[in-house]
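Everything on this sheet refers to the single structure shown next.
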Amino acid sequence: MTSAEAVFPESPSSSSSHSPSSESQSFDDILAEAKLPPPGPDHYAARRRLWLASRPNLQHAPVVPSTSRRRLEHILSAPHAVEDDDVWRNGVAKVWNTLSAGGRLKRRLPMALIVKVIHAAWLRDGTWPAGAVAPEPDDVLPDDLSTSLVDPSITGQSSAVTAPWMVAHK
């Protein structure tokens, strides 16, 4: 069994077929079969709809947290753990290096844990300024993305790529 099979087990019915109705079709398979518009806002919206589409038949075997996962959860549960250099050196850096190199983890990690790893890395490389607070989530985008995703008032002298803390609030 390869590490990919261990992380993403397939059901017997899906291993013999890669049709859109396969029970454990991966998102990569779904993307490969999708007819997406050219890159741009419409492409983003179509890809996002695919990602958010319900896949009720997708089932994963129950995961028993490994010792390394429990250890990572424990060290990242401490207050200000993402800012702690000892926490970074004791496992978080290794996970980040694997992710940032495009590698796959041997075992699944909860998204909340991955977010903490990314936050810790971004603090170290300056992507996330120390003391910055994340904006309120905007989990739902409008179905019609024909409106500009960028505030026109900031595009005059900007590349239109901004972070929430870079925008002057009126």
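In case it helps, numbering that gives the first Met the number 0 puts the sequence shown at residues 0 to 169.
C-beta: ideal position from N, C-alpha, C; glycine also.
Report all residues from its chain with a CB closer than 8 Å to the CB of residue i; omit the five preceding and five following residues, and keep chain order.
{"i": "Ser-20", "result": "Its pLDDT being 46, under 50, Ser-20 is placed unreliably in this model, and the value from its coordinates should be taken loosely. Cβ neighbours of Ser-20 beyond the five flanking positions: none."}
{"i": "Trp-95", "result": "Val-116, Ile-117, Ala-119, Ala-120"}
{"i": "Asn-89", "result": "Ile-74"}
By the DSSP assignment, the alpha helix (DSSP H) with residue i in it spans what residues?
{"i": "Ala-199", "result": "Limits of the chain in this structure are 0 at one end and 169 at the other, which puts residue 199 out of reach."}
{"i": "Lys-47", "result": "For the record, residue 47 in the displayed sequence is Arg; it is not Lys. Segment 40 to 51, the alpha helix (DSSP H) holding Arg-47."}
{"i": "Arg-185", "result": "Within the shown structure, residues of the chain are numbered from 0 to 169, placing residue 185 beyond reach of any answer."}
{"i": "Asn-96", "result": "92 to 99"}
{"i": "Asp-83", "result": "Neither: Asp-83 is in no alpha helix (DSSP H) and is coded neither H nor E."}
{"i": "Leu-30", "result": "26 to 32"}
Which whole-angstrom value is the C-beta distance of residue i and residue j, which I expect to be below 8 Å?
{"i": "Val-91", "j": "Ala-119", "result": "5 Å"}
{"i": "Leu-112", "j": "Glu-72", "result": "6 Å"}
{"i": "Leu-49", "j": "His-42", "result": "Not confirmed; about 11 Å, so no contact."}
{"i": "Pro-87", "j": "Arg-47", "result": "The sequence shown places Trp at residue 87, rather than the Pro named in the question. Not confirmed; about 32 Å, so no contact."}
{"i": "Arg-107", "j": "Val-62", "result": "6 Å"}
If you compare alpha carbons, which of the options is closest to residue i?
{"i": "Lys-105", "options": "Arg-68, His-73, Asp-85, Leu-75", "result": "Arg-68"}
{"i": "Lys-115", "options": "Lys-93, Ser-76, Asp-28, Gly-125", "result": "Ser-76"}
{"i": "Phe-26", "options": "Pro-38, Arg-54, Pro-37", "result": "Arg-54"}
Going along the chain, which residues of its own chain have a beta-carbon closer than 7 Å to the beta-carbon of residue i, five neighbours each way excluded?
{"i": "Ala-129", "result": "Leu-122"}
{"i": "Ala-52", "result": "none"}
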